[in-house]
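Colleague: One structure, as structure tokens, below. Some questions next.
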Amino acid sequence: MSAYVLAHSESPDQVMAALIAETAQLPEVNMQIGPDQAAFMTLLARSLNARRAIEVGTFTGLSALAVARALPEDGSLLCLDINAEWTAIGRRYWELAGVSDRIELRIGPAGQTLAALPEEPTYDFAFVDADKTGYAGYVAALHPRMQSNGLVLLDNMLRGGRVLGGAETSADDEAVIALNDELVADSRWETVLLPVADGLTLLRKR
Ligand SMILES: C[S@@+](CC[C@H](N)C(=O)[O-])C[C@H]1O[C@@H](n2cnc3c(N)ncnc32)[C@H](O)[C@@H]1O
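First residue of the sequence shown? That's 141 in our numbering, and the numbers climb one at a time after it.
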């Protein structure tokens with residue numbers, strides 16, 4: 141099914157394909173979002189006319205590239221990650237794609253970086269794809285930073301189906317299960333959990 145989905149979605153361009161190929165050499169390659177999700181995120185950010193975006197969890201920069209290229213020339217994307225080595229790979233490809241001037245990367249624990257952000261300006265698009273036990277804190281910290289109507293995307297919200305129970309779960313799985321329950325009951329967000337990739341939750345700030 142995934143080959144069919146890929147064959148009928150926007151294909152990665154040369155720069156994105158090269159980034160995917162280089163990341164495939166890393167043992168951590170599974171952390172990267174799929175090219176179909178990248179295409180979806182570009183389309184979404186572009187159709188929302190996103191201008192100011194933020195990302196928690198950048199790795200080698202594929203999701204950042206997908207979002208940055210959807211932004212207008214004067215748009216901006218703030219990327220948060222703890223790993224300078226992986227994100228340095230991303231920087232090279234952002235440069236090649238001509239979007240590096242729109243991206244600012246801050247290295248450090250995302251919880252601390254988010255807590256230190258000024259009240260203004262606010263964001264209209266956010267993507268969270270880092271340590272799962274940190275998600276609840278990231279969502280809480282992002283809420284006041286998002287514009288009304290702003291969209292937050294949370295990755296891996298189905299945890300390979302383990303959210304359904306009946307399988308052995310990790311601390312990461314349990315954190316996501318608790319957060320899924322919390323979010324659907326939180327009236328400050330309009331919440332939709334899509335069975336895209338490993339589960340992509342869309343939160344619209346009311
Ligand atoms: C699943 S990967 C992100 C994949 C990326 N979105 C992509 O498209 O390739 C998770 C990233 O979160 C980062 N990370 C883990 N814990 C973090 C923390 N506490 N603060 C910031 N980044 C963190 C890791 O260094 C890693 O690069």
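Built from N, CA and C at the ideal position, the CB exists for glycine as well.
Bear in mind the structure is a predicted one, so any value in this text is a computation, not a measurement.
#1: Excluding five sequence neighbours on each side, which residues of the same chain lie with their C-beta closer than 6 Å to the C-beta of Thr253?
#2: Could you check what DSSP says for Met156 in three-state terms: helix, strand or coil?
#3: Should Gly197 be listed as close to ligand 1, given that the test is whether its C-beta is under 6 Å from any heavy atom?
#4: Can you check whether the CB of Glu244 is closer than 7 Å to the CB of Leu202?
#5: Please name the residue, chosen from Glu195, Arg299, Pro152, Glu168, that lies closest to Ala237 on a Cα-to-Cα basis.
#6: Any idea what DSSP makes of Ser149, helix, strand or coil?
#7: Determine the extent of the alpha helix (DSSP H) in which Ile222 is found, giving its start and end residues.
#8: Please report the residue range of the alpha helix (DSSP H) in which Met181 lies.
#9: If you reduce the DSSP assignment to three classes, tell me which class Val239 lands in.
#10: Pull up the distance between the alpha-carbon of Arg302 and that of Phe265, whole angstroms please.
#11: So who's on the other strand from Ile317, going by DSSP bridges?
#12: In chain order, what residues of the same chain lie with their CB nearer than 8 Å to the CB of Ser240, ignoring the 5 residues before and after it?
#13: Are Arg191 and Gly215 touching if we call contact CB-CB under 7 Å?
#14: Is it true that the stretch 272 to 279 meets the stretch 313 to 332, where meeting means three or more beta-carbon pairs spaced less than 8 Å apart?
#15: Given this structure, state the Cα-to-Cα distance separating Ala185 from Arg209, to the nearest angstrom.
#16: What whole-angstrom Cβ distance do Phe267 and Val207 have, given they're in contact under 8 Å?
#17: What do you get for Arg242, buried or exposed, if any count of 16 or more other CB atoms within 10 angstroms of its CB means buried?
#18: Any chance the CB of Pro167 is under 6 Å from a heavy atom of ligand 1?
Modeller: Per the coordinate set shown:
#1: For the purposes of this step, residue 253 is taken as the residue at position 113 of the sequence shown. Closer than 6 Å at Cβ, skipping near neighbours: Leu220, Arg246.
#2: Here residue 156 refers to the residue found at position 16 when the sequence shown is read from its first residue. Helix, per DSSP.
#3: In the sequence shown, counting from the first residue as 1, residue 197 sits at position 57. Yes, Cβ of Gly197 sits closer than 6 Å to a heavy atom of ligand 1.
#4: The residue given as residue 202 occupies position 62 in the sequence shown. The residue given as residue 244 occupies position 104 in the sequence shown. It is not a contact, given that the beta carbons lie outside the stated cut-off.
#5: In the sequence shown, the residue the question calls residue 237 occupies position 97. Closest by alpha carbon: Pro152.
#6: Within the sequence shown, residue 149 is the residue found at index 9, counting from 1. Here Ser149 sits in coil by DSSP.
#7: Residue numbering aside, residue 222 sits at position 82 when the sequence shown is read from its first letter. Ile222 -> no alpha helix (DSSP H), and no H or E assigned at all.
#8: If you number the sequence shown from 1, residue 181 lands on position 41. Start and end: 175 to 187.
#9: Counting from 1 along the sequence shown, the entry for residue 239 is found at position 99. Looking at Val239 - three-state DSSP - the assignment turns out to be coil, as it is neither helix nor strand.
#10: In the sequence shown, the residue the question calls residue 302 occupies position 162. In the sequence shown, the residue the question calls residue 265 occupies position 125. Each residue's Cα considered, the two are about 28 Å apart.
#11: Along the sequence shown, one-based indexing puts residue 317 at 177. DSSP output for Ile317 lists no bridge partner at all.
#12: Residue numbering aside, residue 240 sits at position 100 when the sequence shown is read from its first letter. Arg231, Trp234, listed in sequence order.
#13: For the purposes of this step, residue 191 is taken as residue 51 along the sequence shown, with counting starting at 1. For the purposes of this step, residue 215 is taken as residue 75 along the sequence shown, with counting starting at 1. Closer than 7 Å, so yes.
#14: yes
#15: The residue you call residue 185 lines up with position 45 of the sequence shown. The residue you call residue 209 lines up with position 69 of the sequence shown. Approximately 9 Å between the Cα atoms of the pair.
#16: In the sequence shown, counting from the first residue as 1, residue 267 sits at position 127. In the sequence shown, counting from the first residue as 1, residue 207 sits at position 67. The pair is a contact, with the Cβ atoms about 6 Å apart (cut-off 8 Å).
#17: In the sequence shown, counting from the first residue as 1, residue 242 sits at position 102. Arg242 comes out buried.
#18: The residue given as residue 167 occupies position 27 in the sequence shown. Not under cutoff, so the answer is no.
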